[in-house]
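Asks: So that you can map any letter, position 74 of the sequence shown is 79 in the numbering used here, and since no number is skipped, the others follow by simple counting. Cβ coordinates follow ideal geometry from the N, Cα and C atoms, glycine included.
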Amino acid sequence: MAIQKNDFISFEFIARAKGGEIFDTNILEEAKKLGLEKVKPNIICIGQGMVVSGLDKSFEGKETGKDYEIELKPEEAFGARDSSLIKTYPLKAFLSRNINPQPGMMLALDNSIAKIISVSGGRVIIDLNNPMAGKNIIYKFKIINKLEKIEEKAAALRDYFYGSQVSFELKENKIIIKAQKEAEKFIMIYKDKFKEMLNLDLEFQEEKPEEKKEEKKGK
Numbered sequence: 006m007a008i009q010k011n012d013f014i015s016f017e018f019i020a021r022a023k024g025g026e027i028f029d030t031n032i033l034e035e036a037k038k039l040g041l042e043k044v045k046p047n048i049i050c051i052g053q054g055m056v057v058s059g060l061d062k063s064f065e066g067k068e069t070g071k072d073y074e075i076e077l078k079p080e081e082a083f084g085a086r087d088s089s090l091i092k093t094y095p096l097k098a099f100l101s102r103n104i105n106p107q108p109g110m111m112l113a114l115d116n117s118i119a120k121i122i123s124v125s126g127g128r129v130i131i132d133l134n135n136p137m138a139g140k141n142i143i144y145k146f147k148i149i150n151k152l153e154k155i156e157e158k159a160a161a162l163r164d165y166f167y168g169s170q171v172s173f174e175l176k177e178n179k180i181i182i183k184a185q186k187e188a189e190k191f192i193m194i195y196k197d198k199f200k201e202m203l204n205l206d207l208e209f210q211e212e213k214p215e216e217k218k219e220e221k222k223g224k
């Protein structure tokens, strides 16, 4: 049966810029070439923006176990380049953090990956555009399977929104996320998403430090 919107699937993929090298994959043999030693199939809910829009749409109507290849325009992938994301910072801002900026260097800045364009006259020009912005992207992918169990779907959303270290349990029509009290506001941001994708009410439950210790002992 063909994949439809709101189905949960696991998939393998290889992504490259048109005419360029592979920049992302979750296939182990290719991942090792990128310096990644641990990868696993991605799990997403179709049509919910959990991957770039063009790839998300392309899953609909496809079948499990088959190989597919698509080419996406920039607006379907990582967007067009934005000149407003070329910014200038004083060199001393980097030196004060023990960073010696060099052209071509990549670093995390303002919650983004930045590329240093030039360093001159006490100024550093950086590019905050996604490295793949403005490029056509080619994806090769295979849908491994369609998830059917509610426990698997809930775990997939937990991993995507909060990370696998956050514990949860299913009870009647609820998913109960357990975390420390200070995380409650962040946890509940996705209340509507869990309702939309799983038809489950999201409930927060404070996890005591001693409960976390017991959980670690049991593993």
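Taking DSSP's pairing of strands, which residues face Thr-69 in a bridge?
Replies: Answer is none; Thr-69 lacks a bridge partner.
Asks: Are the Cβ atoms of Ile-148 and Thr-69 separated by less than 7 Å?
Replies: Against a cut-off of 7 Å, the Cβ pair of Thr-69 and Ile-148 comes out as a contact.
Asks: Would you kindly report the start and end of the unbroken beta strand (DSSP E) that includes Ile-121?
Replies: Looking at the DSSP string, the run of the beta strand (DSSP E) that includes Ile-121 is 117-125.
Asks: Under the three-state reduction of DSSP, which class applies to Phe-64: helix, strand or coil?
Replies: Reduced to three states, the DSSP call for Phe-64 is coil.
Asks: In the DSSP assignment, find the beta strand (DSSP E) that holds Phe-18 and state where it starts and stops.
Replies: Element bounds for Phe-18: 13-22.
Asks: With H, G and I counted as helix, E and B as strand and the rest as coil, what does DSSP make of Leu-114?
Replies: In the structure shown, Leu-114 sits in a strand (DSSP, three-state: E or B).
Asks: If I measure Cβ to Cβ from Pro-108 and keep anything under 8 Å in the same chain, skipping five residues before and after, which residues do I get?
Replies: Closer than 8 Å at the Cβ level, and outside the excluded window around Pro-108, lie Ile-121, Ile-122, Ser-123, Val-124.
Asks: Could you tell me whether the Cβ atoms of Asn-134 and Leu-90 are closer together than 7 Å?
Replies: Cβ atoms of Asn-134 and Leu-90: closer than 7 Å.
Asks: Measure from the alpha carbon of Ala-119 to the alpha carbon of each residue in Phe-209, Asp-206, Gly-127, Ala-138, then state which is nearest.
Replies: The candidate whose alpha carbon is nearest that of Ala-119 is Ala-138.
Asks: How close, in whole Å, do the beta carbons of Lys-196 and Leu-207 come, if the pair is a contact with beta carbons under 8 Å?
Replies: Right, their Cβ atoms sit about 4 Å apart.
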